[in-house]
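**Student:**
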Amino acid sequence: MTDRIPEEDQPALALDAIRRAGLSIGEVWVHYMSMGGWVDEYEVTAYLHGLMQLDDLDRDMIAQSVNELYDDICRTPRAPFAADLR
Numbered sequence: 230m231t232d233r234i235p236e237e238d239q240p241a242l243a244l245d246a247i248r249r250a251g252l253s254i255g256e257v258w259v260h261y262m263s264m265g266g267w268v269d270e271y272e273v274t275a276y277l278h279g280l281m282q283l284d285d286l287d288r289d290m291i292a293q294s295v296n297e298l299y300d301d302i303c304r305t306p307r308a309p310f311a312a313d314l315r
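The end of the sequence shown is residue 315 by my numbering, with every number in the run present.
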């Protein structure tokens, strides 16, 4: 049986990965937008700081953006997807 990460931890874990990689939220947001995201940088910042909720698709697109940028520079724990949280 796999231990699940609580859904409410997803933004904090993504922000932790961003910080560990030395990325900026702006870099993540640009990558997210290039994948078809539509939420603005202000909302992504608010989400990552736990101030607002996003739907599963946007949360996963942000996690994917973090992970793709993260993979370019390091190989430690990644930001979780929504499916990992249930």
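Built from N, CA and C at the ideal position, the CB exists for glycine as well. What you are looking at is a predicted structure, and each value in this text was computed from that prediction instead of being measured.
Taking the alpha-carbon of T274 as reference, which of L314, R233 and G255 has the nearest alpha-carbon?
**Tutor:** On the sequence shown, position 45 is the one that residue 274 refers to. The shortest Cα separation from T274 among L314, R233 and G255 belongs to G255.
**Student:** Could you give the DSSP three-state label for W267: helix, strand or coil?
**Tutor:** In the sequence shown, counting from the first residue as 1, residue 267 sits at position 38. Of the three classes helix, strand and coil, the one that applies to W267 here is coil, per DSSP.
**Student:** In whole angstroms, what separates the C-alpha of A308 from that of E272?
**Tutor:** To locate residue 308, count along the sequence shown from 1; it is residue 79. To locate residue 272, count along the sequence shown from 1; it is residue 43. Those two C-alpha atoms are separated by around 18 Å.
**Student:** For a test of the three-state rule: what should DSSP assign to G251, helix, strand or coil?
**Tutor:** Along the sequence shown, one-based indexing puts residue 251 at 22. Correct three-state label for G251: coil.
**Student:** In this structure, does DSSP put P240 in helix, strand or coil?
**Tutor:** Start at 1 with the first residue of the sequence shown, and residue 240 comes out as number 11. Correct three-state label for P240: helix.
**Student:** Given a cut-off of 8 Å, decide if Y276 and P240 are closer than it, judged by their beta-carbon atoms.
**Tutor:** For the purposes of this step, residue 240 is identified with residue 11 of the sequence shown, where counting begins at 1. For the purposes of this step, residue 276 is identified with residue 47 of the sequence shown, where counting begins at 1. It is a contact, given that the beta carbons lie within the stated cut-off.
**Student:** Go through its chain and collect everything with a Cβ distance to W258's Cβ below 7 Å, but skip five positions before and after it.
**Tutor:** As a position in the sequence shown, residue 258 is number 29, starting the count at 1. E270 and V273.
**Student:** Using the Cβ count rule (16 or more neighbours within 10 Å means buried), how would you classify H278?
**Tutor:** Along the sequence shown, read from residue 1 onward, the residue named residue 278 stands at position 49. By the 10 Å Cβ count, H278 comes out exposed.
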